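Chains as they are written, first to last, in the numbering used here: chain E, 27 to 422; chain D, 193 to 441.
No residue lacks a Cβ here, since even glycine has one placed at the ideal position from N, Cα and C.
Keep in mind the model is a prediction, meaning the values are calculated, not measured.
Written out below as structure tokens is the structure these notes cover.
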Amino acid sequence: MLSRFLRQVDIDNRMLAMIIALLVIWVTLNFMTDGIFFTARNMYNLAVQSSVVAIMATGMVLVIVCRHIDLSVGSQLGFTGMVIAYLQVHVFTLGAAWNWPLTILCGLILGALIGLWQGWWISYRGVPSFVTTLAGLLIFRGAAYLVTDGRTVAPMDKTYQVLGGGIDGSIGATWSWILAGVAIAWMLINTTMGRRRSRKYGFKVKPFWAQLFFLAIGTAIVCGFVMIMNAYYKPRTEIPRGIPVPVLIMICVTVGMSLLAKITRFGRYVFAIGGNPEAAELAGIAVKKITTFVFMVMGILSAVAGVITTARLNAGANSMGTMAELNVIAAAVIGGTSLAGGQGVISGAILGAVIMQSLDSGMVLLGISSAMRQVVIGAVLIIAVWFDVVYNKNRP
Amino acid sequence: MGQTPLVEMRHIHKRFGGVHAVNDVSIDLYPGEVAGILGHNGAGKTVLMKALSGAIPCEEGEIRINGKKVRIESPRDARKYGIETIYQTLALADNMDAPSNLFLGREIMTQYGTLDDLAMENEARQVIARLNPNFKNITDAVKNMSGGQRQSVAIARAIYFNAKILIMDEPTAALGPQETAMVSELIKQLKSEDIGIFLISHDLHDVFDLSDRVSVIKNGKLIGTRQTKDVTKDEVLGMIIMGKLPEAD
Chain E
27 MLSRFLRQVD IDNRMLAMII ALLVIWVTLN FMTDGIFFTA RNMYNLAVQS
77 SVVAIMATGM VLVIVCRHID LSVGSQLGFT GMVIAYLQVH VFTLGAAWNW
127 PLTILCGLIL GALIGLWQGW WISYRGVPSF VTTLAGLLIF RGAAYLVTDG
177 RTVAPMDKTY QVLGGGIDGS IGATWSWILA GVAIAWMLIN TTMGRRRSRK
227 YGFKVKPFWA QLFFLAIGTA IVCGFVMIMN AYYKPRTEIP RGIPVPVLIM
277 ICVTVGMSLL AKITRFGRYV FAIGGNPEAA ELAGIAVKKI TTFVFMVMGI
327 LSAVAGVITT ARLNAGANSM GTMAELNVIA AAVIGGTSLA GGQGVISGAI
377 LGAVIMQSLD SGMVLLGISS AMRQVVIGAV LIIAVWFDVV YNKNRP
Chain D
193 MGQTPLVEMR HIHKRFGGVH AVNDVSIDLY PGEVAGILGH NGAGKTVLMK
243 ALSGAIPCEE GEIRINGKKV RIESPRDARK YGIETIYQTL ALADNMDAPS
293 NLFLGREIMT QYGTLDDLAM ENEARQVIAR LNPNFKNITD AVKNMSGGQR
343 QSVAIARAIY FNAKILIMDE PTAALGPQET AMVSELIKQL KSEDIGIFLI
393 SHDLHDVFDL SDRVSVIKNG KLIGTRQTKD VTKDEVLGMI IMGKLPEAD
């Protein structure tokens, strides 16, 4: 009965397992923290914290899909974040309206250049990505320190701080509901268009009730999320915060990266390279160029994460993003990206990031020491990869 | 045959370090002809064909297509000249479905410049149905398909884009009797459409039944080329094993 239902709605088993795991973790943590976990305040912070990891994880999915790894994303975040903070506070005129957009642009370009540098060594010089990015982990962490000789840079531009999701860093109740409406409308349009196009070619369409079921779930998630975000007020007022800006950025990145993976030639080629590099080469795909580009995308996303982190801290510190690579890789793998290459889902990585962050911040709520948290997160990474190995072995 | 050959390969050399994998081989192919290329494993047949398909560009020698000298330095170049290859390994991306593999590197795009998956699936269904009517699950990942189905995908990819020259490297190695018969049928059909086919095999019987001419390669050197009807299997076997030309010449 259940298996027939699952076959009809055509949902990925693995994704389902992830969703169940997330729910189990949430309920358990809520129970253990006497209901603190499910408060609006905690969920809001969880959303903001997850977005940094999630943004980088979407890039890591592509990196891992084409059979590489990027161990340097945390250092990239630190370096680009430091450069942005330094430019904003010490180089450009602080307070000028053009200051923060320009520093962000510089940060993104720097991220792309870092990716170009690593991608070049990996594709055109044949240094394994493991080594190149392990070196990058050191190089860019050191570079982050060298920007100001280790001094922390603060404070950041007022408008820029909005990007961090702090007190003014959310869009309010009205806009949140408008966005929710747009999201629901988009799901509706997408479903109807998909059905119509499948019919045009006479292909089988999913049963109507199954799609209705998905629409209902999607709508419930969107509305539930907005309601929780609106239930958290600004300090000493009753003004709802609404969706935090970092989460908005994350949603944009996710949509953009999903489209890149699904509907562009580039995305198709990344998966082809991951599936069979030799076949991709024989099909005339410029494997080296595509691989380099994947690392550039990763660099840009690390820079985006750097923007959010500096805006949130209201400062640039050279230790930003330390150990982030672990969370990012774990998020991608938990979200269904196979380390064997060729398999991965962008939206899965978001789920993975939320799972990782839930564990991490849940343990903080429980008062578990940071040393113990590291032990747990490390163990979770091993279990996630082991799950991937078992899953791949048992597949028909 | 008085017409211009479809393909002429002249004095092709290819070395890998100290190994002379292809040593001064010249070979040609006419439209509507099946040229069998025989030899032991490691004799150099595949390397020779990879020089033509662009996978391993040759360093010495020249290639003419329809009488015109060309340089083939990548698989993309080869495709430009209408050369399609079915590799022995099939060269499929296992994680992707049949339409994605069929159109890999030559995707159908929508007017907005995005991948048109449904159009590709539609085209793929038509071409695959022609080859293998029982093959319906084309949107499964290739790794979940049977050997015959995978072979169908590889063949469909080669013929969909109106190939003029087809290279088939051990096309029946992984197939059962029924599927082998299907490939033989297909070769005859393509021949009647004036496509030139290089058929590479180490299986003498395969090649003997299908090809018009056979060339034998041993240790990277061309032993000789004969009309299939002028030689017996034993004579060709002698060429393969001993590198000896038939007495009659």
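Where the alpha helix (DSSP H) through residue i begins and ends
{"i": "D/A270", "result": "267 to 272"}
{"i": "D/D426", "result": "425 to 434"}
{"i": "D/M301", "result": "Here D/M301 belongs to no alpha helix (DSSP H), and DSSP marks it neither H nor E."}
{"i": "E/V117", "result": "No alpha helix (DSSP H) contains E/V117, which DSSP labels as neither H nor E."}
{"i": "D/H397", "result": "396 to 402"}
{"i": "E/D386", "result": "372 to 391"}
{"i": "E/M276", "result": "271 to 289"}
{"i": "D/E315", "result": "309 to 323"}
{"i": "E/L131", "result": "125 to 149"}
is_contact[residue i, chain D] using C-beta, thresh 8 Å
{"i": "E/F319", "result": "no"}
{"i": "E/Y227", "result": "yes"}
{"i": "E/R223", "result": "yes"}
{"i": "E/F297", "result": "yes"}
{"i": "E/R40", "result": "no"}
{"i": "E/I289", "result": "yes"}
{"i": "E/K419", "result": "no"}
{"i": "E/R67", "result": "no"}
{"i": "E/R262", "result": "no"}
Residue-chain proximity (residue i, chain E), Cβ-Cβ < 8 Å
{"i": "D/R207", "result": "no"}
{"i": "D/D289", "result": "no"}
{"i": "D/P267", "result": "yes"}
{"i": "D/L414", "result": "no"}
{"i": "D/L437", "result": "no"}
{"i": "D/R263", "result": "no"}
{"i": "D/G297", "result": "yes"}
{"i": "D/M193", "result": "Confidence at D/M193 is low in this model, with a pLDDT of 48, below 50, so the placement of that residue is unreliable and no value is reported for it."}
{"i": "D/Y279", "result": "yes"}
{"i": "D/A285", "result": "yes"}
{"i": "D/R271", "result": "yes"}
{"i": "D/L310", "result": "yes"}
{"i": "D/D441", "result": "Confidence in D/D441 is poor, its pLDDT being 49 and thus under 50, which makes the residue's placement too unreliable to answer from."}
{"i": "D/S292", "result": "yes"}
{"i": "D/L307", "result": "yes"}
Candidates the options, of which the one nearest residue i by Cα
{"i": "E/L285", "options": "D/Q341, D/I275, D/D308, D/N287", "result": "D/D308"}
{"i": "D/D361", "options": "D/N233, D/G209, D/R317", "result": "D/N233"}
{"i": "D/H212", "options": "D/I379, D/L414, D/L437, D/M434", "result": "D/L414"}
{"i": "E/V323", "options": "E/Q102, E/A306, E/P270, E/T54", "result": "E/Q102"}
{"i": "E/W143", "options": "E/G162, E/L72, E/G198", "result": "E/G162"}
{"i": "D/L367", "options": "D/E385, D/E225, D/L282, D/Q381", "result": "D/L282"}
{"i": "E/G137", "options": "E/V109, E/T185, E/F229", "result": "E/V109"}
{"i": "E/V87", "options": "E/P154, E/T348, E/A379", "result": "E/A379"}
{"i": "D/G209", "options": "D/V406, D/A348, D/E251", "result": "D/E251"}
{"i": "E/K230", "options": "E/V179, E/G220, E/T263", "result": "E/G220"}
{"i": "D/K335", "options": "E/N302, E/C92, E/T245", "result": "E/N302"}
{"i": "E/A305", "options": "D/G435, D/L284, D/E200", "result": "D/L284"}
{"i": "E/L339", "options": "E/A122, E/T119, E/A180, E/Y70", "result": "E/A180"}
Delimiting residues of the beta strand (DSSP E) encompassing residue i
{"i": "D/A213", "result": "211 to 221"}
{"i": "D/Q419", "result": "413 to 419"}
{"i": "D/A227", "result": "226 to 230"}
{"i": "E/H94", "result": "From DSSP, E/H94 is part of no beta strand (DSSP E); its letter is neither H nor E."}
{"i": "D/S245", "result": "Where D/S245 is concerned, there is no enclosing beta strand (DSSP E), although the alpha helix (DSSP H) it sits in stretches over 237 to 245."}
Inter-residue CB distance, residue i and residue j (contact presumed, cutoff 8 Å)
{"i": "D/K206", "j": "D/A243", "result": "6 Å"}
{"i": "D/N287", "j": "E/G368", "result": "4 Å"}
{"i": "E/G190", "j": "E/A80", "result": "That pair is no contact at about 15 Å."}
{"i": "E/T290", "j": "E/H94", "result": "The pair is not a contact, with the Cβ atoms about 19 Å apart (cut-off 8 Å)."}
{"i": "E/L113", "j": "E/T129", "result": "5 Å"}
{"i": "D/L240", "j": "D/I389", "result": "Actually they are not in contact, since the Cβ atoms of D/L240 and D/I389 sit about 15 Å apart, beyond 8 Å."}
Practice task
Select from the segment 300 to 319 of chain E all residues with a C-beta closer than 8 Å to any C-beta belonging to chain D, and list them in chain order.
Solution key: Here the close residues are G300, G301, N302, E304, A305, A306, E307, L308, A309, G310, I311.
Practice task
Please name the residues in the segment 266 to 287 of chain E whose beta-carbon is closer than 9 Å to at least one beta-carbon of chain D, in chain order.
Solution key: Of all residues in the segment 266 to 287 of chain E, L285 have a Cβ within less than 9 Å of some Cβ in chain D.
Exercise for the section: Note down, in chain order, all residues in the segment 368 to 399 of chain E with a beta-carbon under 8 Å from any beta-carbon belonging to chain D. Expected result: Answer set for the segment 368 to 399 of chain E: G368, Q369.
Practice task
For the segment 222 to 248 of chain D, enumerate the residues whose C-beta is nearer than 7 Å to any C-beta of chain E, in chain order.
Solution key: Hits within the stretch, in order: A247.
Practice task
With 9 Å as the C-beta to C-beta threshold (strictly closer), list the residues of the segment 195 to 219 of chain E near chain D in chain order.
Solution key: Flagged: no residues at all.
Exercise for the section: Check each residue of the segment 378 to 405 of chain D: if its Cβ is closer than 7 Å to any Cβ of chain E, include it; give the result in chain order. Expected result: Those would be none; no residue qualifies.
Handout entry: Residues in the segment 342 to 360 of chain D having any Cβ partner in chain E nearer than 7 Å
Key = Listed in sequence order: no entries.
Exercise for the section: Check each residue of the segment 86 to 100 of chain E: if its Cβ is closer than 8 Å to any Cβ of chain D, include it; give the result in chain order. Expected result: None of the residues of the segment 86 to 100 of chain E has a beta carbon lying less than 8 Å from any beta carbon of chain D.
Practice task
Residues of the segment 331 to 351 of chain E with a CB closer than 8 Å to any CB of chain D: list them in chain order, please.
Solution key: Taking 8 Å as the Cβ-Cβ cut-off against chain D, none of the residues of the segment 331 to 351 of chain E qualify.
Exercise for the section: Compile a chain-ordered list of the residues in the segment 312 to 327 of chain D whose CB is closer than 8 Å to at least one CB of chain E. Expected result: Answer set for the segment 312 to 327 of chain D: E313, N314.
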